[in-house]
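When the count follows the UniProt record's numbering, it moves up by one through the sequence shown with no breaks and lands on 309 for the last residue. Heads up, the beta-carbon is just placed ideally off N, CA and C, and yes, glycines get one too. Remember, it's a predicted structure, so these values are computed and weren't measured experimentally. Data first, discussion second: the structure below is written as structure tokens.
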Amino acid sequence: MEQRSVGASGLRVSRLGLGTLTWGRDTDGDEAAAQIAAFVDAGGTLVDTSPAYGDGAAQRILAELLDDVVPRTELVLSSSSGINPAGPSRIDCSRRGLVAQLDATLRELGTDYLDMWQVATWDPFTPVDEIAATLDFAVSSGRVRYVGARGYLGWQLATAAGASRGTTLVATQVEYSLLARGVEEELVPAAAHHGVGVFAAVPLARGVLTGKYRNGIPVDSRGADEAHAQDVQSYLTDSSVRVVDAVVTAADGLGTSPLAVALAWARDRPGVASAVVGARDIAQLTGVLVAEELELPAAIAAALDDVSA
1 MEQRSVGASG LRVSRLGLGT LTWGRDTDGD EAAAQIAAFV DAGGTLVDTS
51 PAYGDGAAQR ILAELLDDVV PRTELVLSSS SGINPAGPSR IDCSRRGLVA
101 QLDATLRELG TDYLDMWQVA TWDPFTPVDE IAATLDFAVS SGRVRYVGAR
151 GYLGWQLATA AGASRGTTLV ATQVEYSLLA RGVEEELVPA AAHHGVGVFA
201 AVPLARGVLT GKYRNGIPVD SRGADEAHAQ DVQSYLTDSS VRVVDAVVTA
251 ADGLGTSPLA VALAWARDRP GVASAVVGAR DIAQLTGVLV AEELELPAAI
301 AAALDDVSA
């Protein structure tokens, strides 16, 4: 799998990242072990987790796999701090909150450091200078190698980048797909200007871009799961129909899957260092890894750009 530089930094990651959002919820330990082994065998390095995934279950499962299933040194481990569903305040990006959650993550994973640590969300109650100083402290103390942010708007990323205390942001993780292109208006240009690489999260739009919802909601899909139905419904709009139809048509013409077309489009957008994909089971991940080999012809990429603009 191709390795790419993250922004203007020296960090390199696989152009596909393995997301762990479903681990501990839809994906048990055995399935997770199969996934991470297959991912590393395919040349993948970036593994993304968070203490918020599965209320901490994702990190606990990942901790059991490090070194037992895959060597820790072969992975670029990425996690975040700033959202604590169990805390008195759900968002806490204060120095106290960020460092406490970072230290808890390191203990949970059984590792001395994270390769990438991201502030999980914008916190309007914490001064940006305090956050910048905390990121610098995390790097200088050896807890973290590189830092980034998740879910920032363009002006927020630019503000955070401008407040750097010597430790610069090198990555920003956002939802980015053929059905979520709003980030191209301000965030992606801001990231390029400040030398920040983009991690494209949810590149398959909760599975909608695979075409599985064209004829209704399958009973075994997330769209049929009450806990996640709203996430899927937000992508099931009238305007999304023509985009999904175009993806399916392109896949038919290329002799591949709609998943492969949608993933390749997001993976190869300007500024994207890696597209982060989660899978419920090894069968889904196998489809993703096979799709990784697809390079979209320029004419098809342009047509998808037009229909999804």
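Can you tell me which of the three DSSP states residue i falls into?
| i | result |
| --- | --- |
| Trp265 | helix |
| Leu62 | helix |
| Val307 | helix |
| Gly162 | helix |
| Asp136 | helix |
| Ser239 | helix |
| Ala298 | helix |
| Val70 | strand |
| Ala224 | Low local confidence applies: a pLDDT of 46 at Ala224 is under 50, so the model's placement there is unreliable, and no value is given. |
| Gly97 | helix |
| Thr27 | strand |
Exposed or buried, which one is residue i when buried takes at least 16 other CB atoms within 10 Å?
| i | result |
| --- | --- |
| Arg206 | buried |
| Asp30 | exposed |
| Arg96 | exposed |
| Val139 | buried |
| Ser89 | exposed |
| Ala224 | Unreliable placement is indicated for Ala224, whose pLDDT of 46 sits below 50; no coordinate value is reported for it. |
| Ser141 | exposed |
| Gln230 | exposed |
| Val241 | exposed |
| Pro124 | exposed |
| Ala8 | exposed |
| Gly54 | buried |
By how many angstroms is the C-alpha of residue j removed from the C-alpha of residue i?
| i | j | result |
| --- | --- | --- |
| Thr167 | Gln233 | 39 Å |
| Gly82 | Val244 | 34 Å |
| Val174 | Asp68 | 31 Å |
| Ala38 | Thr286 | 8 Å |
| residue 351 | Gln3 | No statement about residue 351 is possible, as the shown extent of the chain runs from 1 to 309 and does not include it. |
| Thr249 | Arg72 | 41 Å |
| Asn84 | Pro51 | 8 Å |
| Leu294 | Ser94 | 43 Å |
| Gln156 | Trp122 | 7 Å |
| Asp238 | Ala180 | 14 Å |
| Asp136 | Asp268 | 31 Å |
| Ile131 | Gly17 | 26 Å |
| Asp306 | Glu186 | 19 Å |
| Ala309 | Thr111 | 43 Å |
| Leu102 | Ser5 | 24 Å |
Using beta carbons (cut-off 9 Å, strictly below), is residue i in contact with chain C?
| i | result |
| --- | --- |
| Phe125 | Checking the listed chains, one finds no chain C in this structure; it contains a single protein chain. |
With DSSP as the reference, identify every bridge partner of residue i, one or two as the case may be.
| i | result |
| --- | --- |
| Arg175 | The identity of residue 175 in the sequence shown is Glu, whereas the question assumes Arg. Per DSSP, Ala201. |
| Val272 | Val198 |
| Ala180 | Ser177 |
| residue 310 | In the structure as shown, the chain starts at 1 and stops at 309, and residue 310 therefore has no counterpart that could be examined. |
| Ala246 | Paired residue(s): none; Ala246 is not in a bridge. |
| Ala149 | Val119 and Thr172 |
Taking the CB atoms as reference points, tell me whether residue i and residue j lie closer together than 9 Å.
| i | j | result |
| --- | --- | --- |
| residue 378 | Ala260 | Because the chain spans 1 through 309 in this model, residue 378 falls outside it and cannot be assessed. |
| Val208 | Leu236 | yes |
| Ala32 | Leu66 | no |
| Val128 | Ala163 | yes |
| residue 310 | Val288 | One cannot answer for residue 310 here, as it falls past the ends of the chain, which runs 1 to 309. |
| Ala273 | Ala266 | no |
| Leu75 | Leu46 | yes |
| Asp26 | Phe199 | no |
| Met116 | Ser177 | no |
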